[in-house]
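Chains as they are written, first to last, in the numbering used here: chain F, 1 to 341; chain D, 1001 to 1341; chain Y, 2001 to 2341; chain P, 3001 to 3341.
Note that CB positions come from ideal geometry on N, CA and C, so glycine has one too.
Predicted, not measured: the structure shown is a model, and the values here were computed from it.
One structure is given here, and the rest of the page talks about it.
Protein chains: 4
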Amino acid sequence: MRIGILTAGGDCPGLNAVIRSVVHRALAGHGDEVIGFEDGFKGLLDGHYRRLDLNEVSGILARGGTILGSARLERARLREAAENCEELARRYGLDALIPIGGEGTLTAARMLADAGMPVVGVPKTIDNDISATDRTFGFDTAVTVATEAIDRLKTTAESHQRVMVVEVMGRHAGWIALESGMAGGAHGICLPERPFQVDDLVKMVEERFARGKKFAVICVAEGAHPAEGSMPYEKGEIDQYGHERFQGIGNRLAVELEHRLGKEARPVILGHVQRGGVPTAYDRVLATRFGWHAVEAAHRGEFGMMTALRGTQVTLVPLAEAVTRLKTVPEGRMHEAESVF
Amino acid sequence: MRIGILTAGGDCPGLNAVIRSVVHRALAGHGDEVIGFEDGFKGLLDGHYRRLDLNEVSGILARGGTILGSARLERARLREAAENCEELARRYGLDALIPIGGEGTLTAARMLADAGMPVVGVPKTIDNDISATDRTFGFDTAVTVATEAIDRLKTTAESHQRVMVVEVMGRHAGWIALESGMAGGAHGICLPERPFQVDDLVKMVEERFARGKKFAVICVAEGAHPAEGSMPYEKGEIDQYGHERFQGIGNRLAVELEHRLGKEARPVILGHVQRGGVPTAYDRVLATRFGWHAVEAAHRGEFGMMTALRGTQVTLVPLAEAVTRLKTVPEGRMHEAESVF
Amino acid sequence: MRIGILTAGGDCPGLNAVIRSVVHRALAGHGDEVIGFEDGFKGLLDGHYRRLDLNEVSGILARGGTILGSARLERARLREAAENCEELARRYGLDALIPIGGEGTLTAARMLADAGMPVVGVPKTIDNDISATDRTFGFDTAVTVATEAIDRLKTTAESHQRVMVVEVMGRHAGWIALESGMAGGAHGICLPERPFQVDDLVKMVEERFARGKKFAVICVAEGAHPAEGSMPYEKGEIDQYGHERFQGIGNRLAVELEHRLGKEARPVILGHVQRGGVPTAYDRVLATRFGWHAVEAAHRGEFGMMTALRGTQVTLVPLAEAVTRLKTVPEGRMHEAESVF
Amino acid sequence: MRIGILTAGGDCPGLNAVIRSVVHRALAGHGDEVIGFEDGFKGLLDGHYRRLDLNEVSGILARGGTILGSARLERARLREAAENCEELARRYGLDALIPIGGEGTLTAARMLADAGMPVVGVPKTIDNDISATDRTFGFDTAVTVATEAIDRLKTTAESHQRVMVVEVMGRHAGWIALESGMAGGAHGICLPERPFQVDDLVKMVEERFARGKKFAVICVAEGAHPAEGSMPYEKGEIDQYGHERFQGIGNRLAVELEHRLGKEARPVILGHVQRGGVPTAYDRVLATRFGWHAVEAAHRGEFGMMTALRGTQVTLVPLAEAVTRLKTVPEGRMHEAESVF
């Protein structure tokens, strides 16, 4: 068999672990050939690829990033790919294509699959927001990095009587905020799924101070937003090139809390450190399993599918099912996190 | 409600997170009272306990060990507890008892529940070998510690052309060896579930050297054993007090491989570092959820049950079901790990 | 002997290790009594203090923050303290006072010492900018946190062909930027000690891209600034309360580089995570030694001094000497860092 | 200039950082050429080497091990090297040779230097026992790994009322035990420099238990030994191949303490994890500076020297001076560590 593989979308710890696993399983388990396309779908369209052998993937299991590179692709070129699926498969002699990526990539994968490309997708997102799988690799690493940061900030907040606002990733789903907030013992957690009342946060902090706990840590997803009327409108900022730039919610909330509480409040915006670097053991295992199962699926001819974790098993689910709706944090999980003091 | 809580058995990162979560949920969510028995069931029998308030559990979320202490209990005294269940519950005014522990503790919990104690168990084991739950807290931390060790050993093995044998915990189930071996990219993994052939390991190492990869890392569970006839009988050692002591499998296997390969092989026995210290974010979240759900179960009157992770949900399963058989590594999972080079 | 101790100024990993060491050495080595003033000099003036025994300092060696709290003090009240030194010493029965703090605290300590208080200072700053000591505790932790962040960002930068600008702490001295930049392998390092030319950075990045290294990481101290004319004037931003806020150099530089290079440049502002949490082994050892030597100095009657690391030895230097000038990064050290690609 | 470089002796985090730094400085700073000999002096004698360019050292700064490999060399072959120094230098066109290694390597380097080879040595040892330099790279990483292990073990010891004996590296000098013991807050530290009395350890543990601290952690260097008569003679063990094997001091001491105290005592032997893997930020900086200064020394023609850290400066010291005596832990440093409870 000749298997193509590519990585697309933003960075996510575990991408290299999938690539390595696919190569190991395909070469050593089946005697296949594997080619890796560079910079996502671009490499597929433009013919940039290389053969991947065991040496090529040696030592990459624990390395962040992706040895194949990744790049955004315009919609138009994706359509081009879909229209020329058969020609593309023929050009590279592909018996299977394994794209690794997030929602956008999997939607593209589905388009290609519908157009006749033998595709097995591997879901990838640090945001954990793909509904067809219990978890995605990269998420555990992001939560771990965010939790370590909260651990550090908490001791400073406590000894220096401060409010700390930590902004973590998560534009549409608050999984990272939820889990790092719980793991770090944050006293408030704000998610995109539910507009927050600044008053509630103010009250929580004041109650803490009243009972002698003169500090608080609030974990806020970048996509969280205040309930209407809960926070004054912010004015945009003009950068040195005349572009308007808006403060993120972390910065705004810290200003707001300092204003209302009359106590020092400091924002920390974790940013890209959450999505790079050495993956946790959990993410390496999950990524390795996904790679293994993607190859097996290809050999069984189960195309148009995506690997997914369900309980303790890695299974396959139709791509169609995987990308229809975002997996957001359900009420029950928010409720579990509420008794965090 | 008045809820008793105790921790029993060996150490496990996340115990304090459960205690904290129970106290938070019971006090702040329900206005309950919580008392903590010291040193496991001993404290229950001997009347050593203290009231747990929010201050008592402040700052313990990320701390290893257990603020309640833990101790082994003799079978006879357990029977004593079971026989006096009603009296014990009355003495402390207990409406619910939440014991946190491994297989032994949960078996004891079941005895007490059968004898009339209103019990909700919380499973705890770094070995991940309790069948009724997808995962137990403590396991992720153990795997993380073992993986970090393998990461470190691998670079030495590679640059100094050595075989490294890493012995990890797991007497009856090989989960830690399986997952840390996969995450660390070990070239051989030996589990208690399947006797290993030393010849297979020798062959694997020789093939690696032959294709220029002049090193290997082998991850072996402490409970793994060679297939009959696969390794010579080892003589015991006599320590300074005349007791015979047997070398663990890690030491023996390193000697054996060095002998057969004619290459340096070094054992590293990770031991207790795997079961102590700061829990990972994953384990903190799971432990916190278990504590929360144990309190809810108590309030719903669901006794004789144990918290369990199933997929993404925390549910309750009968204690009877939980302790009947050990969850060992299934063939499918071993198979997934085999294409690791 | 009766020894007073206090911590003042911003957070710094290792403060608790000094407190613990002072208590251990004083109590167990000399049979002294130790009292801890709360919230820095405020506690001394306002009479907020508690006796510190072995239990009080148990388990704090590796904990961030300070169990004594810390707070800023107005100049006026400091003068008040200096004027009432003898009365203060008498009130608490102090034979020695050990203030732990940065430049401001040590200047205050010197004032008190000049006014007759028996003071032995312990220097504390994550910035490493106190000239009389080779290193200060807290610095190694800050560099470690920043380096881990750069390690993570580098893999993303590499696989996604990006320029990453990491802003680390250091308003007047660039030690953290220098050492984390070297340790993380940053391709550009900007320090407060030397205005940087944006053109140089642009050229460096372009040369890297030209030879196939399509990414770059630039480590910039918060106090670094562009050479005059090197970067357009930035307009301030107006926040929701009408206060003008200025973008930090990290954000501005990322905007500038993206504009000039036509490539994605992303800022990451590490902020307070650098100054909190578990201290590194190095910082714990140094802090412990400083505490031990401060007690010994008190017993030898060497007041008006400060502990200092010189080579491998901890010695004492006059407070007067310690606070006269800031220790900035010398040319030689910048030169060493320049051949980082 | 044409510069040869090689790494010899046991593994040590930071070796790759030196190699990278030498290549960067030599190529980019001076336009030199650098060749790397494989497997230490063997590569020099047998002609195994390769040119090192910027790509070759890309990404290795934070990687453990050595990309050049390392191997032991017999004395006889070293003499061969010394006798043919001029011929060797001519064969490879070497203007300078930079060997990176421990005591043995530096002694060899001195022999070659005396025989006319233009040598600049770089000291390397995790044991920190080279007297001419304040610190060696690798040491900080070893201490960090050992401290993290003690941190983990302490929580288990505390909650399970145990004595833990942690054996760390250090055959002739106890630096790792000293600093990790201090940083981890070990209650007893045993060094090769001073035979220990088991009675003292027993008394310390009993006093701790008496005052309610029912646990203890003892940090013992592998080269520590009991005072004569302090511990019964141990019998050797016979392995499966008839070789006598002696238990290390960690195992023996745990047996002894359990016997005398009547309490559970558990040994943990950290072993090779201390000498491999990602170097700490401190070690990366020191290694990078050593590499930079070695190249500068070569260009200034300062041969027969070794790089050394003295205070905050990297300087050069004669190889002759560097290898005459082992740097052991002085009484003063032991004394500082004694008030650890």
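Give the DSSP bridge partners of residue 3049 of chain P, in chain order. P:3037
Using a 10 Å radius around the Cβ and a threshold of 16 neighbouring Cβ atoms, would you call residue 2203 of chain Y buried or exposed? The residue in question, residue 2203 of chain Y, is exposed, as its Cβ has fewer than 16 Cβ neighbours within 10 Å.
Start and end residues, alpha helix (DSSP H) containing residue 2085 of chain Y: Unbroken alpha helix (DSSP H) run through residue 2085 of chain Y: 2085-2092.
For residue 1022 of chain D and residue 1004 of chain D, I'd like the C-alpha separation in whole angstroms. 10 Å
Distance between beta carbons of residue 3274 of chain P and residue 3117 of chain P, contact taken as under 8 Å: Wrong, their Cβ atoms sit about 32 Å apart, outside the cutoff.
Consult DSSP for residue 193 of chain F and reduce its assignment to one of helix, strand or coil. Here residue 193 of chain F sits in coil by DSSP.
C-alpha gap between residue 1135 of chain D and residue 1289 of chain D, whole angstroms: 12 Å
Measure the C-alpha to C-alpha separation of residue 3043 of chain P and residue 1260 of chain D and round it to an integer number of angstroms. 27 Å
Does DSSP put residue 2313 of chain Y in a helix, a strand or coil? strand
On the premise that residue 62 of chain F lies in contact with residue 303 of chain F, defined as a C-beta separation below 8 Å, what is that separation, rounded to the nearest angstrom? That pair is no contact at about 31 Å.
Rounded to the nearest angstrom, what separates residue 3193 of chain P and residue 3307 of chain P at their Cα positions? 26 Å
Below-8 Å beta-carbon distance, residue 1144 of chain D vs any chain F residue: yes
Could you give the distance in angstroms between the alpha-carbon of residue 3149 of chain P and the alpha-carbon of residue 2328 of chain Y? Answer to the nearest angstrom: the Cα atoms are 35 Å apart.
Assigned secondary structure, residue 2061 of chain Y (DSSP; H/G/I helix, E/B strand, else coil): coil
Helix, strand or coil at residue 120 of chain F [DSSP, three-state]: strand
So if DSSP puts residue 2266 of chain Y in a beta bridge, which residue, or which two residues, is it bridged to? Y:2164
By how many angstroms is the C-alpha of residue 3184 of chain P removed from the C-alpha of residue 2056 of chain Y? 18 Å
What do you get for residue 129 of chain F, buried or exposed, if any count of 16 or more other CB atoms within 10 angstroms of its CB means buried? Counting the other Cβ atoms within 10 Å of the Cβ of residue 129 of chain F gives 16 or more, which makes it buried.
To the nearest angstrom, report how far apart residue 1058 of chain D and residue 1020 of chain D are at their CA atoms. 8 Å
Neighbour list for residue 2157 of chain Y in chain P, Cβ cutoff strictly below 9 Å: Residues of chain P passing the Cβ test: none, with the nearest at roughly 12 Å.
Compare the C-beta of residue 2061 of chain Y against all C-beta atoms of chain P and say whether one is closer than 8 Å. yes
Reference residue 356 of chain F, options F:52, F:41, F:49 and F:32, closest by Cα: Residue 356 of chain F cannot be examined here, being either before or after the span of chain F that is shown, 1 to 341.
Hey, how far is the Cα of residue 2174 of chain Y from the Cα of residue 2221 of chain Y? Rounded to the nearest angstrom, the two C-alpha atoms are 6 Å apart.
Exposed or buried, what is residue 272 of chain F when buried is set at 16 or more other beta-carbons lying within 10 Å of its beta-carbon? By the neighbour-count rule (16 or more Cβ atoms within 10 Å), residue 272 of chain F is buried.
Whole angstroms is fine: what's the gap from residue 2142 of chain Y's alpha carbon to residue 1315 of chain D's? Their backbone Cα atoms lie some 42 Å apart in a straight line.
Can you have a look at residue 3355 of chain P and say buried or exposed, based on whether 16 or more other CB atoms are within 10 angstroms of its CB? Only positions 3001 to 3341 of chain P appear in this structure, which leaves residue 3355 of chain P out of reach.
Which runs of the alpha helix (DSSP H) spanning at least 4 residues fall entirely within the stretch 1181-1227 of chain D, listed in chain order? The qualifying runs are 1198-1210.
Spatial distance of residue 3016 of chain P from residue 95 of chain F (CA atoms): 41 Å
Could you check whether the Cβ of residue 3218 of chain P sits closer than 8 Å to any Cβ belonging to chain D? no
C-beta neighbour in chain F for residue 1185 of chain D, strict 8 Å: yes
Rounded straight-line distance, which links the Cα of residue 2287 of chain Y to that of residue 1311 of chain D: 46 Å
Residues that residue 2134 of chain Y contacts on chain P, provided the C-beta gap is smaller than 8 Å: In chain order: 3311 and 3312.
Here's the rule: buried if 16 or more other CB atoms are within 10 angstroms of the residue's CB, otherwise exposed. What is residue 156 of chain F? By the Cβ-count criterion, residue 156 of chain F is buried, with 16 or more other Cβ atoms from all chains shown falling within 10 Å of its own Cβ.
Are any of the Cβ atoms in chain Y nearer than 8 Å to that of residue 70 of chain F? Residue 70 of chain F counts as touching chain Y.
Could you tell me the boundaries of the alpha helix (DSSP H) in which residue 3257 of chain P lies? 3249-3261
Residues of its chain near residue 3132 of chain P, where Cβ-Cβ distance is below 6 Å and the 5 sequence neighbours each way are ignored: 3308, 3317, 3321 and 3322
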